Each structure stands twice: as structure tokens, then as C-alpha cells.
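Numbering (UniProt numbering), first residue to last: 1 to 73.
Next up, the structure:
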């Protein structure tokens, strides 16, 4: 099974996130202590994209919203 990729990467500082697998890793290991509701939405969306239950671009949109919520954009 291939990892789904986004049409374009999301850049956070020097880190490029190219798809839901990398986004999930960043959410789990690179996120600040504050984890709001958008964080939870992004995590579920990334898992759903990896399980092919949703479009990877939807996970990207949720991840971008979580970045804004955490002021990491």
C-alpha cells in the first residue's frame, strides 16, 4: 500500500510535510503541548486518509486549520 501524498507540501519552518503520514508524525511528535479541537480533527482526518476513508486533500485542509489554531503557520 502506498502512502497518499498531497498535491503540494505544507512548510512549517524548515520542515516540509508532503502527506497525511508525515502530518500524523508531526502531530504526534512535533506538536506543542497545546492540542485544541483542530488538532483532534487533523489527527482523525490524517488517519482516515491513510485508511483511504477520506481524500488526502481533506486531511491537508484539516492539518492547515490545526496549524493556524496552534499559530504554527
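From the three backbone atoms N, C-alpha and C, an ideal C-beta is built for every residue, glycine too. Since the model is a prediction, treat every value here as computed from it, not as a measurement.
Looking at the C-beta of residue 5, does it have a partner C-beta in chain C at a distance below 8 Å? Structure shown: chain C not included; a single protein chain is present.
Might you give, ordered along the chain, the residues of its own chain that have their beta carbon closer than 7 Å to the beta carbon of residue 19, omitting 5 neighbours on each side? Locating residue 19 in the chain shown gives position 19, counting from the first residue. Within the same chain, residue 19 has close Cβ partners 3, 4, 5, 6, 56.
Once DSSP output is grouped into helix, strand and coil, what is the label at residue 52? The sequence position of residue 52 within the chain shown is 52, counting from 1. In the structure shown, residue 52 sits in coil (DSSP, three-state: anything other than H, G, I, E or B).
Mind listing, in chain order, the continuous alpha helix (DSSP H) runs of no fewer than 4 residues lying wholly within the segment 14–41? 20–29
Can you find the residues in the same chain that come closer than 8 Å, C-beta to C-beta, to residue 27, ignoring five residues on each side of it along the sequence? Position 27 of the chain shown, counting from 1, holds the residue named residue 27. So the list reads 39, 42, 43, 46, 63, 66, once near-sequence residues are dropped.
Between the alpha carbons of residue 50 and residue 29, how many angstroms are there, rounded? In the chain shown, the residue the question calls residue 50 occupies position 50. In the chain shown, the residue the question calls residue 29 occupies position 29. Rounded to the nearest angstrom, the two C-alpha atoms are 18 Å apart.
Please report the Cβ distance between residue 59 and residue 48, rounded to the nearest whole angstrom; I am assuming they are in contact, meaning their Cβ atoms lie under 8 Å. Translated into the one-based positions of the chain shown, residue 59 becomes position 59. Translated into the one-based positions of the chain shown, residue 48 becomes position 48. Indeed they touch by this definition, with Cβ atoms about 7 Å apart.
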